[in-house]
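Participant:
There are 2 protein chains.
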Amino acid sequence: MPRPTKQSPERGSARIRLLEAARDVVRTKGFAATAVDELCKSADVTKGAFFHQFGSKDALGVAAAEFWAETTSAFFAAAPYHAPSDPLERILAYVAFRKAIIAGDLAEFTCLVGTMAQEVFASSPAIRDACGRSILGHAATLVADIEAARRERGITGDWTAESLARHTQTIIQGGFVLAKAGNDPELARESLDHLERYIRHLFHVTEEVET
Amino acid sequence: MPRPTKQSPERGSARIRLLEAARDVVRTKGFAATAVDELCKSADVTKGAFFHQFGSKDALGVAAAEFWAETTSAFFAAAPYHAPSDPLERILAYVAFRKAIIAGDLAEFTCLVGTMAQEVFASSPAIRDACGRSILGHAATLVADIEAARRERGITGDWTAESLARHTQTIIQGGFVLAKAGNDPELARESLDHLERYIRHLFHVTEEVET
DNA sequence: TGCAACATACCATACGGTCGGTATTTATCA
DNA sequence: TGATAAATACCGACCGTATGGTATGTTGCA
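Protein sequences, first through last, are from chains W and A.
Numbering-wise (my numbering), the first sequence opens with residue 40 and increments by one.
Numbering-wise (my numbering), the second sequence opens with residue 40 and increments by one.
#1: Could you give the distance in angstroms between the alpha-carbon of GLU201 of chain A and the alpha-carbon of PHE160 of chain A?
#2: Quick check: is the beta carbon of LEU127 of chain W nearer than 9 Å to any beta carbon in chain A?
#3: Apart from the five residues on each side of it in sequence, which residues of its chain come closer than 6 Å, Cβ to Cβ, to CYS170 of chain W?
#4: Straight-line CA distance for MET40 of chain W to PHE89 of chain W?
#5: Residue range of the alpha helix (DSSP H) that PRO164 of chain A falls in?
#6: Report the neighbours of ARG137 of chain W on chain A: residues whose CB is nearer than 7 Å to its CB, in chain order.
#7: Would you say TYR237 of chain A faces chain W, with C-beta separation under 9 Å as the test?
#8: Can you find the residues in the same chain that come closer than 7 Å, C-beta to C-beta, to ALA108 of chain A, ignoring five residues on each side of it along the sequence?
#9: If SER81 of chain A sits next to VAL64 of chain A, beta carbons under 8 Å apart, how far is it from one beta carbon to the other, in whole angstroms?
#10: Using 8 Å as the threshold, is the segment 228-243 of chain W in touch with the segment 128-146 of chain W, meaning 3 or more CB pairs across them?
#11: Measure the CB-CB distance between HIS243 of chain A and ILE194 of chain A and report whether it falls below 9 Å.
#12: For the alpha helix (DSSP H) containing PRO126 of chain A, list its first residue and its last residue.
#13: Within 9 Å of any Cβ in chain A, is that where the Cβ of VAL75 of chain W sits?
#14: Give the interface partners of PHE160 of chain W over in chain A, defined as CB-CB distance under 8 Å, in chain order.
#15: Going by C-alpha distance, which of A:ARG189, A:ALA218, A:ARG228 is nearest ARG239 of chain A?
#16: Counting only beta-carbon atoms, is ILE55 of chain W nearer than 9 Å to chain A?
#17: Below 8 Å CB to CB, which residues in the same chain sit around ARG205 of chain A once its five sequence neighbours on both sides are set aside?
#18: Contact criterion: CB-CB distance below 9 Å. Does ASP63 of chain W meet it with respect to chain A?
#19: Are the CB atoms of GLY213 of chain A and GLU158 of chain A nearer to each other than 9 Å?
#20: Establish whether the CB of GLN92 of chain A and some CB of chain W are separated by less than 9 Å.
#21: Would you verify that the beta carbon of ASP5 of chain A is, or is not, closer than 9 Å to some beta carbon of chain W?
#22: Are any of the Cβ atoms in chain A nearer than 9 Å to that of LEU181 of chain W?
#23: Can you tell which of A:GLY100, A:ARG56, A:ASN222 has the C-alpha that lies nearest to the C-alpha of SER162 of chain W?
#24: Under three-state DSSP, which class holds SER202 of chain A?
#25: So, LYS86 of chain W versus ASP76 of chain W, is the Cβ gap smaller than 9 Å?
#26: So, with DSSP's three-state summary, where would you put ILE194 of chain W?
#27: Can you tell me which of W:LEU231, W:SER112, W:ARG192, W:ARG56 puts its alpha carbon nearest to the alpha carbon of PHE93 of chain W?
#28: Just the C-alpha distance for LEU58 of chain A and ALA102 of chain A, rounded to the nearest angstrom, thanks.
#29: Between ARG205 of chain A and chain W, is there a C-beta pair that is closer than 9 Å?
#30: Taking ALA183 of chain A as the reference, which of A:ALA117, A:PHE215, A:ASP125 has the closest Cα?
#31: Between ALA102 of chain W and chain A, is any beta-carbon pair separated by less than 9 Å?
#32: Using a Cβ-Cβ cut-off of 9 Å, state whether VAL244 of chain W counts as contacting chain A.
#33: Going by C-alpha distance, which of W:LEU203, W:GLU225, W:SER52 is nearest VAL84 of chain W?
#34: With ALA220 of chain A and ARG167 of chain W assumed to form a contact (beta carbons below 8 Å), what rounded beta-carbon distance in angstroms separates them?
#35: Considering only their Cβ atoms, is the gap separating ALA227 of chain A from THR209 of chain W smaller than 9 Å?
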């Protein structure tokens, strides 16, 4: 419920500015190492505003995970990989898109909720669950295309569309871990190449897919 | 250089006890959220001993990552997956072994250095690099078998043994992230099933491998 | 007039780290 | 061999700061 005023047009945006600051700072330093004061400074907001908007640092964590889920789902919904008419092509375009957006600084393309989940899975169930909903919710957006591709091409096998969708997220998240540990984004990209190869294998397509 | 005495036989083990405590506590709470005092209490050691052994909390982090690298490499060197005479079978046995040891509490089977790397990749290059060496060093232990299997079976393709070895670690690390986020170890196991299927595909083996 | 949205000063505690001191082992040398 | 010096391993009280959180006041709109 932000409310801008005439004298200070920035007023009311404190919540969103804090969520954006959390997204940027926490992705870089982790949740525990990020101080509330630091977020306030980064968002140019006072501590009073912080604790007015979020009752606690934990609540900010939950809100940040939900904010992440909202913004990323909007981002991926608008992404160009949905364009192909063939569902398998859409899936492969998704993988290519995920690979393409791995660029620049590590903290810019890695995943907020994946990082937070690793840190707080035991100490803060609320944050953990919000992270889980974000990751698994995103995985769920891939299921329909996988199932459609499977039906269309008469693919059988002892795997489910849901599990393959989650597997893509496993590889993306794991790629981020390797990229951070090795300080090299290429480590994340190369695993997406393996994922693409795996998917082509599953659907018996070794070359380019034609509609 | 620990040195036990007659009066206190526990003496000298402070360093190792601290490293073991770090392994257990940091895996559960993360590095930043783990206080030095807490490690001392958990290891039944005084703060003086801590800062005598490790000049700083950061140095403890580096030592913990190196300790992890040493203990895990000994663990995997002694593991039964090396038994098969066929290299491809050894690789598949490795994947099966990684799947088998995913049991019990999340903090018991997840990876210390993967967790730490995510947290400190930007704030502590020393810890990050130690984590990177542990993960990539472990990946390197798989390369020889992958190359042997490839040679033996005349497999070609636009992928390298090194990259496939790293890909296995991507899937393991990513599986841990999903397992934590979803609070369900099965999420890690199911991705290892996909990895097994992928490897079989790569080597044109769809059923059991016979020597 | 009431209430949401701040702002500011303040607080108790927890944190990483320091420091002077002691006990025990090891190296040195007459 | 025995006295002694040097070094290692450890103890525990203390320190300055940073931290999450609170209490109280102010502003501006409905």
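Built from N, CA and C at the ideal position, the CB exists for glycine as well.
Facilitator: For this structure:
#1: 23 Å
#2: no
#3: ALA104, VAL152, MET155, ALA156
#4: Per-residue confidence for MET40 of chain W stands at a pLDDT of 37, beneath the threshold of 50, marking its modelled position as unreliable; the derived number appears in the next sentence. The alpha-carbon atoms of MET40 of chain W and PHE89 of chain W are separated by roughly 14 Å.
#5: 164-179
#6: None at all; the shortest Cβ gap to chain A is about 13 Å.
#7: yes
#8: ARG172, SER173, GLY176
#9: 6 Å
#10: yes
#11: yes
#12: 126-139
#13: no
#14: LEU145, LYS219, ALA220, ASN222
#15: A:ARG189
#16: no
#17: LEU175, ALA178
#18: no
#19: no
#20: no
#21: For chain A, the structure presents residues 40 to 250; residue 5 of chain A sits outside this window and is missing.
#22: no
#23: A:ASN222
#24: helix
#25: yes
#26: coil
#27: W:ARG56
#28: 7 Å
#29: yes
#30: A:ASP125
#31: no
#32: no
#33: W:SER52
#34: 7 Å
#35: yes
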